[in-house]
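Quick notes on the structure that follows.
2 protein chains.
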Amino acid sequence: MHLRKSLLVLASFMSVSAWAMKPLPNKVPVPADNPMTPQKIELGKMLYFEPRLSIDGTISCNSCHNVMADGADGRAVGAGVRGQRGGRGSPTVWNSAFHTVQFWDGRAASLEDQAKGPITNPIEMGMPHHDIVIGRINQIPGYVAAFKKAFPKDKNPVNTDNLAKAIATFERTLITPNAPFDKYMKGNKKALNPQQIRGMKLVEEIGCTSCHSGEIFAGEGLKMGEGNYQPFPQIPGSKFDKMYDITADLGRYEVTKKVEDKNHWRVPTWRNVALTAPYFHNGKVKTLDEAVRVMAKTQLDADLNDGQVADIVAFLNSLTGEFPKQTMPRLPVTENFSITPDP
Amino acid sequence: MHLRKSLLVLASFMSVSAWAMKPLPNKVPVPADNPMTPQKIELGKMLYFEPRLSIDGTISCNSCHNVMADGADGRAVGAGVRGQRGGRGSPTVWNSAFHTVQFWDGRAASLEDQAKGPITNPIEMGMPHHDIVIGRINQIPGYVAAFKKAFPKDKNPVNTDNLAKAIATFERTLITPNAPFDKYMKGNKKALNPQQIRGMKLVEEIGCTSCHSGEIFAGEGLKMGEGNYQPFPQIPGSKFDKMYDITADLGRYEVTKKVEDKNHWRVPTWRNVALTAPYFHNGKVKTLDEAVRVMAKTQLDADLNDGQVADIVAFLNSLTGEFPKQTMPRLPVTENFSITPDP
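This is the structure:
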């Protein structure tokens with residue numbers, strides 16, 4: 109048994125190196141119709157931090173996807189305008205450029221598509237229509253100028269597609285390279301400690317990496333727009349289903365209305381997962397060690413012991429990358445009046 | 109009349125140059141017991157952007173005093189946790205270091221005192237007690253380390269006074285020098301256009317600068333902790349009292365309970381006033397030209413014509429300074445769990 113396990117671990121570890129896990133690339137995928145430019149990044153950063161994109165001027169993209177922190181909000185579910193709460197947790201914006209589909213249910217095929225959603229979601233930023241957003245932006249001379257700079261070939265650059273393109277372009281700068289895991293994979297064998305290496309072998313051995321593979325551990329070999337959807341729970345009936353209300357939200361089914369998509373979800377990234385508690389689509393699991401236990405049981409029917417859980421958590425902690433230093437944007441002003449609406 | 113007026117203008121203008129209006133100093137006043145250090149500035153910046161200082165993790169200092177914008181929020185009154193609205197507008201944080209007292213009613217004698225207020229205000233950040241704030245910070249290793257660095261001589265550096273000292277220190281970096289007015293006062297006579305110069309003379313001539321004097325146009329010759337309080341309206345009974353509900357909030361009286369303080373207010377700064385609409389303690393006046401009309405009537409019994417209003421607004425627009433480029437803070441993380449509470 110001991111020998112067999114060792115061989116299994118060895119085999120797994122070889123395959124790890126060979127394909128299942130990959131270091132974060134230095135470059136993000138960029139769509140052909142939205143090349144990155146400094147002007148577009150700067151405009152996108154302004155818009156990302158712009159509370160005037162919300163109905164009452166209280167919520168910006170950064171409110172729920174805080175780039176000064178983990179790229180999310182530390183809450184079980186998002187918080188929108190007028191004290192409203194969302195139904196799902198805010199996924200991190202860090203490294204979201206590597207995801208091939210966006211949102212928990214993959215309903216956006218690109219960051220551009222994603223950026224439009226929350227603005228007109230009544231419980232998020234609450235704008236009744238994108239035309240109203242564009243109307244506001246047109247009242248702010250600094251934005252009109254910034255759109256012209258970012259989209260110099262467009263006759264009427266201030267429009268929703270360009271707004272989404274700019275935000276997506278800024279988001280493509282939000283990557284966290286050089287995690288201890290990445291350094292290890294690039295040859296620095298001291299970058300992971302023995303416990304982390306045990307955890308790395310274990311996630312392959314018990315099968316986590318059959319879904320959590322690739323550069324951001326969310327699946328690999330996928331084209332942009334193509335989702336890696338998996339059931340959660342894979343094996344229904346464990347105590348966790350009820351304990352954490354796992355099945356109430358039907359996930360991908362709510363988008364497709366196909367029976368086979370019930371309780372299916374886009375596989376989330378493991379990158380910076382140590383920082384993005386609480387866990388899962390409803391944020392009901394508060395700690396990473398419990399999240400590991402839940403996943404092992406519901407997806408792989410594995411009952412992990414505390415040592416195994418600790419090893420996996422240690423490995424997942426090695427996926428916390430380096431967050432780049434950033435400059436603050438200046439939000440364009442209106443002189444002598446405010447366009448921020450009063451509620 | 110024409111000659112008399114010209115002489116008056118000349119006399120006023122001489123006194124303008126001589127004393128009433130001053131360029132913004134390059135250095136802010138710093139209290140002896142809270143010297144500025146890079147470590148304290150960095151910690152203060154982190155805390156300033158820290159939503160975990162609010163009960164439900166939704167509101168930071170920056171939510172209402174946005175340093176990426178005008179240092180306020182563009183709303184009539186502040187917006188706090190759980191969708192609550194405040195009773196007064198958010199004053200700008202830019203150049204607040206030059207104010208000798210803080211808040212509309214001057215109830216804080218320093219930025220340090222001010223910083224503590226909103227955190228435990230139930231309709232702002234909503235924390236029940238400062239001990240709970242400190243308890244949270246102690247759960248975040250990065251903050252504990254940052255407090256140690258910022259206050260290396262303190263045995264127990266994580267405390268409310270140091271939190272306030274750090275935030276105040278960051279706020280002392282938020283100054284906007286080199287407004288066109290400042291350049292003009294320092295000798296560049298082309299920095300103001302003829303209309304702005306007319307407006308500059310007019311504010312002295314009609315008496316605005318009897319209160320709005322000095323470096324930030326909020327009074328001068330005051331020691332730190334000493335307020336420049338003035339009645340608003342000075343001359344009750346104009347149509348504006350009702351139109352903008354000027355007298356309902358008793359201002360300074362709510363702090364002192366002295367009859368003579370009824371409807372008295374700290375004189376607000378004119379620095380960047382073009383950007384901080386809407387105006388006055390209750391934010392009921394939406395544009396700067398109307399604010400000028402209201403002030404002239406309620407304080408000086410002057411009925412300005414449209415040309416005079418436009419000239420004064422043009423001058424006030426010359427008080428918009430240069431906003432320094434800033435780096436974003438990184439907010440310290442908690443690994444494997446979140447301390448952001450769910451509502």
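Protein sequences appear in the order of chains A and B.
109 is the number of the first residue of the first sequence in this note's numbering; add one for each residue after it.
109 is the number of the first residue of the second sequence in this note's numbering; add one for each residue after it.
We put the beta carbon where it would ideally sit given N, CA and C, even for glycine.
Task: Best match in B:N336, B:E312, B:N425, B:Q342 for proximity to B:A128 [C-alpha to C-alpha] - done: B:E312
Task: Listed by chain order, chain B residues near A:Q147 by CB distance under 7 Å - done: None at all; the shortest Cβ gap to chain B is about 17 Å.
Open item on the list: Measuring only the C-alpha atoms, how far is A:A287 from A:E328?
Closed with: Using only the alpha carbons, I get a separation of about 19 Å.
- [ ] Given a cut-off of 9 Å, decide if B:V201 and B:V175 are closer than it, judged by their beta-carbon atoms.
- [x] yes
Task: Beta-carbon gap between A:L151 and A:A205 smaller than 9 Å - done: no
Task: Residue-level contact to chain A via CB, B:D450, 9 Å cutoff - done: yes
Open item on the list: One question on the structure: do A:N170 and A:K273 come within less than 9 Å of each other, judged by their Cβ atoms?
Closed with: no
TODO: Determine, using beta carbons only, whether B:E443 comes closer than 9 Å to chain A.
DONE: By this cut-off, B:E443 is an interface position.
Task: Cβ-Cβ distance between B:Q416 and B:P341 below 9 Å - done: no
TODO: Check each candidate in A:M436, A:D397, A:P432 and name the one with the smallest Cα separation from A:A422.
DONE: A:D397
Task: Local conformation of A:M122 per DSSP, three classes - done: Since pLDDT at A:M122 reaches only 45, below the 50 mark, its modelled position is unreliable, and the value read off the structure follows with that caveat. In this structure, A:M122 counts as helix in the three-state DSSP scheme.
Task: A:V381 vs A:Y352 beta-carbon contact at 9 Å - done: no
Open item on the list: Using 8 Å for Cβ pairs, my map puts B:L420 next to B:G234. What's the rounded Cβ distance?
Closed with: Reading off the sequence, residue 420 of chain B comes out as Ile, not Leu. So it is not a contact: roughly 39 Å between Cβ atoms.
Open item on the list: Let's test the definition: count the other Cβ atoms within 10 Å of the Cβ of A:V367 and tell me whether it reaches 16, buried, or not, exposed.
Closed with: Exposed, because fewer than 16 other Cβ atoms sit within 10 Å of the Cβ of A:V367.
Open item on the list: Which residues of the segment 389 to 408 of chain B have a Cβ closer than 7 Å to any Cβ of chain A? Give them in chain order.
Closed with: K394, T395, L396, D397
- [ ] Kindly identify the DSSP beta-bridge partner or partners of B:A205.
- [x] B:A205 pairs with nothing; no bridge assigned.
Task: A:Y352 - DSSP class collapsed to helix/strand/coil - done: coil
- [ ] From the DSSP output, in three-state form, read off A:T395 for me.
- [x] strand
Open item on the list: Taking the straight line between their C-alpha atoms, what separation do you get for B:T442 and B:Q247?
Closed with: 8 Å
Open item on the list: Suppose you measure from the CA of B:V117 to the CA of B:L310; what does that come to, to the nearest Å?
Closed with: Residue confidence for B:V117 is low, a pLDDT of 45 falling below 50, so the modelled location carries little weight; the figure read from the coordinates is stated next. If I take the Cα positions, the gap works out to 8 Å.
Task: Residue environment, A:P344, which counts as buried when at least 16 other CB atoms sit within 10 Å - done: exposed
Open item on the list: Taking 9 Å as the threshold (beta carbon to beta carbon), is B:I447 in contact with chain A?
Closed with: yes
Open item on the list: For the ligand GDP, is there any heavy atom lying closer than 8 Å to the beta carbon of A:G429?
Closed with: You won't find the ligand GDP in this model; it holds no ligand whatsoever.
Open item on the list: For a contact defined as C-beta to C-beta under 9 Å, what are the partners of A:F431 on chain B?
Closed with: R438
Open item on the list: Rounded to the nearest angstrom, what separates B:T377 and A:R401 at their Cα positions?
Closed with: Those two C-alpha atoms are separated by around 57 Å.
TODO: Using alpha carbons as the reference points, say which of B:H320, B:D349, B:N270 lies closest to B:Q148.
DONE: The residue you asked about is not Gln; residue 148 of chain B is Lys in the sequence shown. With distances taken between Cα atoms, B:K148 lies closest to B:N270.
Open item on the list: With a threshold of 9 Å between beta carbons, is B:A356 in contact with chain A?
Closed with: no
TODO: Report the option in B:K263, B:L155, B:D178 whose CA atom is closest to the CA atom of B:S168.
DONE: B:L155
Task: Separation of A:P437 from B:M436, as counted between CA atoms - done: 9 Å
TODO: Check whether the segment 355 to 362 of chain B touches the segment 205 to 217 of chain B, taking contact to mean three or more Cβ pairs, one atom from each stretch, closer than 8 Å.
DONE: The way I'd put it, the segment 355 to 362 of chain B does touch the segment 205 to 217 of chain B; three or more beta-carbon pairs between them come closer than 8 Å.
Task: 3 or more residues per run - each beta strand (DSSP E) lying fully within the segment 314 to 384 of chain B - done: 337 to 339, 372 to 374
Task: For A:Y361 and A:H372, believed in contact at Cβ under 8 Å, the rounded distance - done: With a Cβ gap of about 7 Å, A:H372 and A:Y361 count as contacting.
Task: Supposed close pair B:F278, B:K153 - CB separation, criterion 8 Å - done: Contact between B:F278 and B:K153 holds: CB atoms are separated by about 5 Å, below the 8 Å threshold.
Open item on the list: So for B:T277, helix, strand or coil by DSSP?
Closed with: helix
Open item on the list: Buried or exposed, going by whether 16 or more other CB atoms sit within 10 Å of the CB of A:G195?
Closed with: exposed
Open item on the list: Looking at B:P199: is its Cβ nearer than 9 Å to the Cβ of B:E323?
Closed with: no
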